[in-house]
């Protein structure tokens, strides 16, 4: 079975680990807390607030966002877990990442961290080969951001092909 992968070319940090490792799991859960606000905003769209309630709700959400941003900026001063390996993700799709170099051990699990649109994304992957890995654990809000990134790569590829014709 041939996998359709799309050119990416961004750097990622990773380390071989068990998915239940509390050290990595703690950082995984901590990263991307601001995106939890999106859940509240989506929920608010389904609720019929009167004008005063809507203002109060928006104010509370704004305060919560500000608090989370401050906490995150303070946490940025704290070091993230130093990961032992660094690699370039050459290509990807919605479920798989393909590394430029042979840095993986087949059937091993890895904790992987990378920047996507100025946001730190942490995921767990399982090596399918020395270069190919399958995403096995990703937070729903990070999945949405990652999928949007893959779609954008696909669109750019289509535009480039149309431009060459």
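Numbering (UniProt numbering), first residue to last: 1 to 165.
A virtual CB, placed ideally from N, CA and C, is assigned to each residue, including glycine.
The three-state reading of DSSP puts residue 80 in coil, since its state is none of H, G, I, E or B. Annotated as distal: residue 74 and residue 133, with beta-carbon spacing of 7 Å or more.
Between the region 77 to 92 and the region 13 to 26 there are three or more C-beta pairs closer than 8 Å, enough to call the two in contact. Residue state for residue 25 is assigned as helix, using DSSP reduced to three classes. Straight-line measurement puts the Cα of residue 114 at about 36 Å from the Cα of residue 56. Sequence-distant Cβ neighbours of residue 150 in its own chain, meaning closer than 6 Å and more than five residues away, are 94. Assigned with DSSP and collapsed to three states, residue 12 falls in strand. For residue 136, the enclosing beta strand (DSSP E) has its first and last residue at 132 to 137.
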